[in-house]
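See below for the structure under consideration.
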Amino acid sequence: GQVPLEKYDYGQTYGAFTAKQFQDYRSAVLSSSMSPYHKGGIFPTYYSHAPDIVLNNRKTGRERYTDRFGVTLYNKDYERSEELKDFDLLAQQHREYYKDKTGTLYPVSTFQVPTSNLTRIKNRYMV
Numbered sequence: 023g024q025v026p027l028e029k030y031d032y033g034q035t036y037g038a039f040t041a042k043q044f045q046d047y048r049s050a051v052l053s054s055s056m057s058p059y060h061k062g063g064i065f066p067t068y069y070s071h072a073p074d075i076v077l078n079n080r081k082t083g084r085e086r087y088t089d090r091f092g093v094t095l096y097n098k099d100y101e102r103s104e105e106l107k108d109f110d111l112l113a114q115q116h117r118e119y120y121k122d123k124t125g126t127l128y129p130v131s132t133f134q135v136p137t138s139n140l141t142r143i144k145n146r147y148m149v
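In this note's numbering, the protein residues as written are 23 to 149.
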């Protein structure tokens, strides 16, 4: 918003000035706060004196999940898990077959629509 009582320097844009003023105000309020969040750990920002909460220092992509704790389930169905892994592998092979422009890959039989024997014989021998 507008800050009529504040004067900003020559060459400093209005947006940069108000963002800096907001961050200064935010830092002052958080440092004087008595809440458990006064350290600012859950408030990511670009302007901060604490390098832990600066957005550019955060992990991106798959790296942000590497420090999460793992949970072991004791009621896991291992046969179903293997079946899902195999299906995922077949699905990836099916995708590669569709992306193949050279025609060297064969279609995955799991995803083929079944046809009658008569149609298969006609397609194979009566071309």
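Beta carbons: idealized from backbone N, C-alpha and C, even for Gly. Owing to the predicted nature of the structure, the values given are computational and were not obtained by experimental measurement.
Pairwise C-alpha distance: residue j and residue i
i    : j    : result
S49  : Y87  : 28 Å
F109 : I143 : 29 Å
A157 : K98  : Absent from the structure is residue 157, since the part of the chain shown begins at 23 and ends at 149.
V93  : Y100 : 16 Å
N139 : R146 : 10 Å
Y120 : T35  : 52 Å
Q45  : S54  : 14 Å
Cβ distance (whole Å) where residue i is taken to contact residue j below 8 Å
i    : j    : result
L127 : E118 : 6 Å
Any non-hydrogen atom of the ligand FAD closer than 7 Å to residue i Cβ
i    : result
K123 : Looking at this structure, you won't find the ligand FAD or any other ligand, since it has none at all.
*Between the region 128–148 and the region 107–116, do three or more beta carbon pairs fall short of 8 Å?*
yes
_Entirely enclosed alpha helix (DSSP H) segments - the region 82–143, minimum 4 residues_ = 100–121
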